[in-house]
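Visitor:
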Amino acid sequence: MAPRKRRRSSFRHFSSGEPDWIDPDLDDDDDFLDDDDVDDEDVVDDDVKAAPLPRWRPFVSRVPALAWKTQVDEIAAVMRASAAASWPPERELHYIVAVPVTIAGGTLAIDVGCRQRAKNGTWRQVSTFRLAPPEIARLPDPVDREVLATLSGDGSVYASFGRSTRPGWPYIRYHVPSVLLASLVPLLARTGRVSLLAGASGVATPIAWDDGPSWQFRLEVTKTPASYKVTGVLARHDERVPLVSAALLLEGGIVFFPDRVARLDAGGAFQWIAHLRAVGAIRVPPGQADRFLAELMRMPAVPPHDLPVELAYETVRPVPRPRLRIRKGEQWAPNGLPAELSFDYDGMVIDLQREGRGVLHTDPRRFIERSGEAERAALERLAALGVRGTSRARPGVATPRLAIRAPILPRVVRALVEDGWHVEADGGVYRKPGAIHLAVTSAIDWFELSGSVEFGDAIVQLPALLAAVRRGDTTVRLGDGTFGVLPEEWLDRYGLLAGLGTPTGDHVRFTRTQVGLLDALLAAQPEIDVDAVFTRARDDLRRFEGIAPADPPAGFAGKLRPYQRDGLGWLHFLRRFGFGGCLADDMGLGKTVMVLALLESRRAAGAEKPSLVVVPRSLVFNWKQEAGRFAPRLAVLEHLGVGRRPAGEHFARHDVILTTYGTLRRDAARFTDVDFDYVILDEAQAIKNAGTDAAKAARLLRGDCRLALSGTPVENHLGELWSLFEFLNPGMLGAASVLKLDGAGGRTPDESTRAVLARALRPFILRRTKAQVAPELPPRTEQTVYCEMERLQRRLYEELRDHYRQSLLGVIEKMGLERSKIMVLEALLRLRQAACHPGLIDRRRVAEPAGKLDVLLPRLREVVAEGHKALVFSQFTSFLAIVRSRLSAEGLRYEYLDGATRDREARVTRFQTDPDCRLFLVSLKAGGLGLNLTAAEHVFLLDPWWNPAVEAQAIDRAHRIGQSRHVLALRLIARGTVEEKILALQATKRELADAIINGQNSLLRTLTRADLELLLS
């Protein structure tokens, strides 16, 4: 066999030339393999091995499908070629760790070699080798494949080229970074083919993997006659070896011994290992040993160390207390006021920016170890509060400086002090409050609250504390120059105290009517001293729920239901204690009847003063009518209208003075000269705005007792609460600003304020819903409510009435009633429309007020506020259109149904099921039959249907099978109109009334001239 052409490689290693471990029997001119040593059949020739593999191509059928033999032969050819290129079993890879190169370069240097098995079965020595990337995938050992894939494919591994004994193929030396060592070295060792080339001998020593625990680096300080000697050792269990016993120590956590490789725990202090390997030892003079230890402890990482007895110390780990120092005078921080964070470790203050694991004390000898977890938690707490780290870092500072924006400074300080931090600013320390001492004493007409708060050794009296709270301060200046921090919950709890009471000397004064509020405000105090008078008054209020029901007086003509007797007992309770109260039962539960029973009891008891009842103008007649029905012995005076006498002495001849809010405004000065037994406001939401003339005039009234009636759940509208209680119990809620109720944004006080108000005002507000008293109610109640027409509306009605009276009676005189029936029906229709709203007569007047709207809209608001549902019926769709526009303007959701509506079922379903849709407007024509509207509890009949069957049919839309609640039906009648006249005809001429409403011409034959004159009167 002809010898191959010999080739020399021109590649040389970048630093140390050709590796010393290359087989000395091979020189540069030797072939990689001798022909005499191996059979050509056993080893693939270099040229063959270097040849590219046959390229795989997808089969493309070029022969008929039946020529299967051709296709099989092609597959077999590709398989044989792949088998010929596979890794032969007579060859194995080896990995050599080049120690000198590793030490010189600082990263692990690995050479990849190969050895062949000769014909006689022995292995030749390892020689340099390089694999092409496609060959890695064909290596038989999966570990080799993983190792070489990592070395070849990881971007952090770099390679350098050297000469190879393989002609034309330079070998590659891999330089492995420390981050890969922990995973790659154990993998290499698992192959069993790793060697360590430790010196210039050229002999590579096989090494094995030591799977035991990590070797730990430790500093060892020993005393010599002249100094202390600092050296390094490797320790594992009881075994210790000097650093010099290791062939390689790598920062990635690996140590190579001459015969093995193991894990290394350097404790984050590998720089010590590197230095001591280089110098051997550090010598410290005896007088400087403590200083050396202190410097050691200041380092970012301190390795474990062994000390002689005289240098030994105790390690303590106290819980640190964070300290924040704020420099208000400095302006260098662009993001806010500079702040410095430190920690108090059992009396030793350590700055956050100071490096090291702790501080060494020499007397006594102890090492105070820092808690990284606690310090990180403190930083996280500051970050959560909005404290910023500034971008300006001072020299030697390991962490950024902190900065606090001025607007959040009070909140940050308060939160940190409450967390137990030490906080100071410009030398003034912020103190956390300690014990609170409070006491309540009583005087003739007031209660006095006194007390003090401890801030360490300093004591602050209650008035000074409340003054700070009232100003909105978050701190109070203490006598020693420090600051007392006011907790945020104090600002809520004592903020009400500060605003509701009047500071007087060393105490705060509260009026007698504020006993319930004061009791609620102090309820959270665990200990408080109170005197007997306050205790008795507080207990009386707390027992209000046990008030006994009261029977109506003998002169009361009606019968009270059980819940109404409870209400009457509550009214007597308020009088006994001199409190005002708000009766806020659901609409339809008989608030007027309960008040009439109270007024009758006052008459029977010989009250010397009259009582004043202020109502909306639309309710004057209803009050007069109800008084005549239930309390006929009451002498009631209507004080309203242009012909009224001035308020004064003639009031004393009556039991009840009935007036309107408008009259109250106009006669406010005269009313203030009169003393009343009771001052009662019906529909008291009329004074919800404290700044209106009506509210101001009401507060000026003089009465022994005050009552308010409202169907609106006032406790849900705190913006209206202050004005109401300023009338009922003046001064009880302090200034409006205390409850933050004096602005558009102040209608939702915080939850704690709501809770205090609910507790304090509970005795003074009586509210029962229909659901609560359902067993005591009849299935349905029907009421007639008379409405007073507005001035312009009444003028229009009277003009129409006079016109038709003059024209009709003249025509009837000439033509007779039978031939005039069309004009009669038209006249009555127009008058009924004018009684509802001027816009039904003249569309240009739809925006004008009307008496029925004055009554209807407030009640609809109550229905919605109470969470109920209502039906609104009218036979005039034009009137329903006006109501719709008013509801839309107020944002009230509703459904609508008239004769033109096509999707009746969908609208009914929405009203029945949608909790936000509480009103349903229905025309008579559309709602007469076939509707099931049992979700409604209220029915409003806007115009009279004097045919009882028609009216009952409308009410039955709500009150029918499936209705489990009480139904209240209200029919609205315009006073002094044809509606009231028709009502008068019902008892004697039912058919005539039906004819007028329903247009039944045949029945009009019974209409007489006298009847027509009555209707047009």
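Letter by letter, the sequence shown follows residues 1439 to 2455 of this note's numbering. A virtual CB, placed ideally from N, CA and C, is assigned to each residue, including glycine.
1. Could you tell me which residues DSSP puts in a beta bridge with Y2334?
2. Apply the 10 Å Cβ neighbour rule to Q1952 and answer buried if 16 or more other Cβ atoms are within range, or exposed otherwise.
3. Tell me whether the stretch 1523-1536 and the stretch 1570-1590 touch, counting them as touching only if at least three CB pairs, one residue from each stretch, are closer than 8 Å.
4. For P1991, which residues from the same chain have a beta carbon less than 6 Å from its beta carbon, with the 5 sequence-adjacent residues on both sides left out?
5. Which residues in the same chain as N2060 place their Cβ atom closer than 7 Å to its Cβ, once the five residues preceding and following it in sequence are excluded?
6. What are the boundary residues of the beta strand (DSSP E) that includes H2376?
7. Below 8 Å on the Cβ atoms is my guess for A2045 versus F1994; work out the distance and round it to an integer in Å.
8. Roughly how far, in whole angstroms, is the beta-carbon of L1531 from the beta-carbon of R1631, given that I think they are within contact range, below 8 Å?
9. So P2054 packs on V2094, CB below 8 Å; how close in whole Å?
10. Taking the beta carbon of Q2123 as the centre, do at least 16 other beta carbons fall within 10 Å, making it buried, or is it exposed?
11. Under the three-state reduction of DSSP, which class applies to H1875: helix, strand or coil?
12. Let me make sure I understand the geometry here. Which of L2147, A2273, V1623 has the alpha-carbon closest to that of K2290?
13. Do you know whose CA, among G1706, L1775, A2308, L1745, lies nearest R1795's CA?
14. Spatial neighbours of R2447 within its chain, please: C-beta separation below 6 Å, excluding the five flanking residues on both sides.
15. Identify, in the order they occur along the chain, each residue of the same chain with its Cβ nearer than 8 Å to the Cβ of E1584, setting aside the five sequence neighbours on each side.
16. Within 10 angstroms of the Cβ of W1506, are there 16 or more other Cβ atoms? Answer buried if so, exposed if not.
17. Measuring straight from C-alpha to C-alpha, what distance separates V1641 and L1635?
18. With DSSP run on the structure shown, which of helix, strand or coil describes M1786?
19. Cβ of L1626 within 7 Å of any heavy atom in the ligand NAD?
20. Under the three-state reduction of DSSP, which class applies to W1494: helix, strand or coil?
21. Count the other CB atoms, across all protein chains shown, that sit within 10 Å of the CB of G2254; report buried if there are 16 or more and exposed otherwise.
22. Determine the extent of the beta strand (DSSP E) in which Y1533 is found, giving its start and end residues.
23. Helix, strand or coil for Q1563, going by three-state DSSP, please let me know.
24. Using 10 angstroms around the beta-carbon of I2411, count the other beta-carbons present and answer buried if the total reaches 16, otherwise exposed.
25. Can you list, in chain order, the residues of its chain with a C-beta nearer than 6 Å to that of T1629? Leave out the 5 residues immediately preceding and following it.
26. For I1541, which three-state DSSP category applies?
27. What's the call for T2351, buried or exposed, on a 16-neighbour Cβ count within 10 Å?
28. Would you identify the three-state DSSP class for F1730, choosing helix, strand or coil?
29. Looking only at its own chain, which residues have a Cβ that is under 6 Å from the Cβ of G1848, when we skip the five neighbours before and after it?
30. If we require 3 or more residues per run, which beta strand (DSSP E) segments fall completely within the stretch 1693-1777?
31. What are the boundary residues of the beta strand (DSSP E) that G2141 is part of?
32. I'd like the list of long-range same chain contacts for R1755, defined as Cβ closer than 6 Å, with 5 residues on each side in sequence excluded.
33. Note down the Cα distance separating G1690 from L1820, rounded to an integer number of angstroms.
34. Under 8 Å by Cβ, that's how I've got A2136 and L2102 pegged, so tell me the actual separation to the nearest angstrom.
35. Assign I2203 to one of three DSSP states: helix, strand, or coil.
36. Over what stretch of residues does the alpha helix (DSSP H) that includes I1846 continue unbroken?
Guide: This is what the structure gives:
1. L2359
2. buried
3. yes
4. E2038, S2039, A2042
5. V2223, Y2224
6. 2376-2379
7. Rounded, the Cβ-Cβ distance is 15 Å, inconsistent with contact.
8. 6 Å
9. Contact doesn't hold; Cβ gap of about 17 Å is too wide.
10. buried
11. strand
12. A2273
13. G1706
14. none
15. L1625
16. exposed
17. 6 Å
18. strand
19. This structure lacks the ligand NAD; in fact it carries no ligand of any kind.
20. The predicted position of W1494 is uncertain, since its pLDDT is 44 and thus under 50; a value taken from the coordinates is nonetheless stated next. In this structure, W1494 counts as coil in the three-state DSSP scheme.
21. exposed
22. 1529-1536
23. coil
24. buried
25. V1581
26. helix
27. exposed
28. helix
29. In the sequence under discussion, the amino acid at residue 1848 is Pro, which differs from the Gly named in the question. These residues qualify, in order along the chain: T1912.
30. 1698-1703, 1720-1722, 1752-1754, 1759-1764
31. 2140-2147
32. E1807
33. 35 Å
34. 7 Å
35. strand
36. Counting along the chain, I1846 falls outside any alpha helix (DSSP H), and DSSP gives it neither H nor E.
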